[in-house]
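Report on one structure; see the data block that follows.
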Amino acid sequence: MEETDRAQGSVPEPGEEQQDAPLPLPPAFLEFLCENGLDPALYSTAATIPRYIRLKPGMESQIAEIEGELKCVLENVSWLPGFYAIPPEVLIAGSKAYQQGKIYGIDAASGAAILALDVRPGDHVLDLCAAPGAKLCMLADMLGSTGSLTGVDVAKHRLSACRTMLQKYSLGDRTRLFVADGTLFSILPVNSNLRRMEGSIGLEENGGTFSEWTSRRSWKDRQKAKKLNATGSQHLLASSEPELIYYGKHSGLVGLCKADVLCPAVDDEACTSGYDKVLVDAECTHDGSIKHIQKFEFWGWKTLDRRVLDAERTDNLLQLQLHLLTNGFRLLKTGGSLVYSTCSMTIAQNENVVQQFLSTQPSADLQKIDLSDSWPCRSGGIPKTLRFDPVTSQTSGLFVAKFSKLPT
Numbered sequence: 001m002e003e004t005d006r007a008q009g010s011v012p013e014p015g016e017e018q019q020d021a022p023l024p025l026p027p028a029f030l031e032f033l034c035e036n037g038l039d040p041a042l043y044s045t046a047a048t049i050p051r052y053i054r055l056k057p058g059m060e061s062q063i064a065e066i067e068g069e070l071k072c073v074l075e076n077v078s079w080l081p082g083f084y085a086i087p088p089e090v091l092i093a094g095s096k097a098y099q100q101g102k103i104y105g106i107d108a109a110s111g112a113a114i115l116a117l118d119v120r121p122g123d124h125v126l127d128l129c130a131a132p133g134a135k136l137c138m139l140a141d142m143l144g145s146t147g148s149l150t151g152v153d154v155a156k157h158r159l160s161a162c163r164t165m166l167q168k169y170s171l172g173d174r175t176r177l178f179v180a181d182g183t184l185f186s187i188l189p190v191n192s193n194l195r196r197m198e199g200s201i202g203l204e205e206n207g208g209t210f211s212e213w214t215s216r217r218s219w220k221d222r223q224k225a226k227k228l229n230a231t232g233s234q235h236l237l238a239s240s241e242p243e244l245i246y247y248g249k250h251s252g253l254v255g256l257c258k259a260d261v262l263c264p265a266v267d268d269e270a271c272t273s274g275y276d277k278v279l280v281d282a283e284c285t286h287d288g289s290i291k292h293i294q295k296f297e298f299w300g301w302k303t304l305d306r307r308v309l310d311a312e313r314t315d316n317l318l319q320l321q322l323h324l325l326t327n328g329f330r331l332l333k334t335g336g337s338l339v340y341s342t343c344s345m346t347i348a349q350n351e352n353v354v355q356q357f358l359s360t361q362p363s364a365d366l367q368k369i370d371l372s373d374s375w376p377c378r379s380g381g382i383p384k385t386l387r388f389d390p391v392t393s394q395t396s397g398l399f400v401a402k403f404s405k406l407p408t
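UniProt numbering numbers the first residue of the sequence shown as 1 and each following residue consecutively.
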């Protein structure tokens, strides 16, 4: 669901100046909405949904200055600490506040999903679908100066953008980023029992210890990048090993043996040495992101057919979502919490995935999100799950479910 915060983000998008015009939806998309029981009227609300920004903690004294730069009032979102609503037509990318890392764009519904994780100082947190990075930044903010944050994404160019964002906001100190298939990723936090074992990935290649991270790439890495660019490859092959592209100086890696750190989890090791909190903000059709759907008017509606409506792609997405959720839960420590979310409003990608997951995971317990009592959202089709939508919440559409891991 990585489009949710990008859709509310800071990069000016074509047509933002035309948001007052109703969105003309093509017949194929209207049919998709009908098949999934969704009201097309949801897509006529784009002009009334605010743009949401999150203020970096410690910048509260500069709100008046930021309002002067953006030429609008920052309206406090009472139910979501640190979030402010601004008019949808306001662009933040050109402001000093954005360029200096004081604010970033992220939809309020995405912020609620992260808040539902209840991240505490000292937690080891995994963001299994980390790009484009706003959620990762909020998680890092919540961790503060303790614990660790691991971000994973299959697309290296998008994860590189996460790295840039973390550095811009000075939030990467306790973070490490892996280019990897989230359905197969198997590296535990650094708090795990470090050991050298048969089957550790890249033992010879990853010999030695981690020195402090530098942006300067080795000759070997540069040659690999050239080869990937030449073949047009943007994603990691499923059989490829995870690639560590960034780690902060306090992420726990500096001075440790590479072979030990990059050792995949085995059996039920994660139950005792896994992540305290896991966010699975899964790839989806993005039909709940009103601003994302709005872009297809300029990209071309045929692009929408390929990216959203293609039946084969949708079937593959359902499998991907279930596998991401299952693997994220496998990496969760007993007693830990996992939040699954998508910016699709369909039942197939949300309630159905949750039901399939619960039917195969006896140690998964669906949890009530206590904070939601004060949130402008409604119940999902399964008790304890939540749905945000433009009409109810004045946000993009988002489904949220929270699980805990019971002892087996």
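All residues carry an ideal CB built from backbone N, CA and C; glycine is no exception. The structure presented is a predicted model; accordingly, all values stated were derived computationally and were not measured.
Please report how far the alpha carbon of residue i lies from the alpha carbon of residue j, in whole angstroms.
| i | j | result |
| --- | --- | --- |
| Phe83 | Trp375 | 13 Å |
| Ala140 | His250 | 13 Å |
| Ala28 | Ile369 | 36 Å |
| Met345 | Lys302 | 21 Å |
| Gly37 | Gly335 | 36 Å |
| Trp178 | Leu279 | For the sequence presented, residue 178 should be read as Phe rather than Trp. If I take the Cα positions, the gap works out to 15 Å. |
| Ile92 | Tyr52 | 10 Å |
| Lys156 | Ala180 | 8 Å |
| Ser186 | Ile347 | 29 Å |
| Gly111 | Gly172 | 19 Å |
| Arg306 | Thr272 | 43 Å |
| Pro26 | Gln349 | 22 Å |
| Cys377 | Glu269 | 37 Å |
| Ala90 | Asp267 | At residue 90 the sequence reads Val, which differs from the Ala that was named. Rounded to the nearest angstrom, the two C-alpha atoms are 50 Å apart. |
| Phe32 | Asp287 | 10 Å |
| Tyr275 | His124 | 5 Å |
| Trp79 | Ala364 | 28 Å |
| Gly252 | Val77 | 35 Å |
Per DSSP, which residues does residue i bridge with? Please list them.
| i | result |
| --- | --- |
| Arg387 | Arg378 and Phe399 |
| Thr392 | Answer is none; Thr392 lacks a bridge partner. |
| Gln367 | Lys402 |
| Arg54 | Phe83 and Tyr104 |
| Thr209 | Cys257 |
| Arg306 | DSSP output for Arg306 lists no bridge partner at all. |
| His124 | Ser148 |
| Phe357 | None; Phe357 has no bridge partner. |
| Glu243 | Val179 |
| Val90 | Val90 is not bridged to any residue. |
| Glu75 | Ala85 |
How should residue i be labelled, buried or exposed, when 16 other C-beta atoms within 10 angstroms of its C-beta is the threshold for buried?
| i | result |
| --- | --- |
| Asp39 | exposed |
| residue 422 | Any answer about residue 422 is impossible in this case: the structure gives the chain only from 1 up to 408. |
| Leu30 | exposed |
| Val354 | buried |
| Arg387 | buried |
| Phe296 | buried |
| Thr342 | buried |
| Thr395 | buried |
| Pro57 | exposed |
| Glu283 | buried |
| Val261 | buried |
| Gly122 | exposed |
| Lys277 | buried |
| Thr214 | exposed |
| Ser61 | exposed |
| Pro189 | buried |
| Arg54 | buried |
| Gly300 | exposed |
| Ala41 | exposed |
| Ala64 | exposed |
| Arg158 | buried |
| Thr48 | exposed |
| residue 416 | Residue 416 is absent from the structure shown; the chain starts at 1 and stops at 408. |
| Gly68 | exposed |
Compare the beta carbon distance of residue i and residue j with 8 Å and say whether it is the shorter of the two.
| i | j | result |
| --- | --- | --- |
| Phe403 | Phe329 | yes |
| Ile293 | Tyr98 | no |
| Ala130 | Ile106 | no |
| Ser95 | Leu126 | no |
| Pro50 | Ile86 | yes |
| Leu117 | Cys137 | no |
| Leu322 | Phe357 | yes |
| Leu327 | Thr183 | Strictly speaking, residue 327 in this sequence is Asn, with Leu absent from that position. Yes. Within cutoff. |
| Val339 | Ala109 | no |
| Tyr169 | Gly248 | no |
| Ile103 | Ser160 | no |
| Ala265 | Leu332 | no |
| Leu128 | Leu366 | no |
| Ser289 | Gly208 | no |
| Thr164 | Val391 | no |
| Leu371 | Leu115 | yes |
Would you call the segment 253 to 261 and the segment 312 to 329 touching, i.e. three or more CB-CB distances under 8 Å?
no
Three or more C-beta pairs closer than 8 Å, one from the segment 164 to 176 and one from the segment 139 to 154: is that the case here?
Put simply, the segment 164 to 176 touches the segment 139 to 154. At least three CB pairs are less than 8 Å apart.
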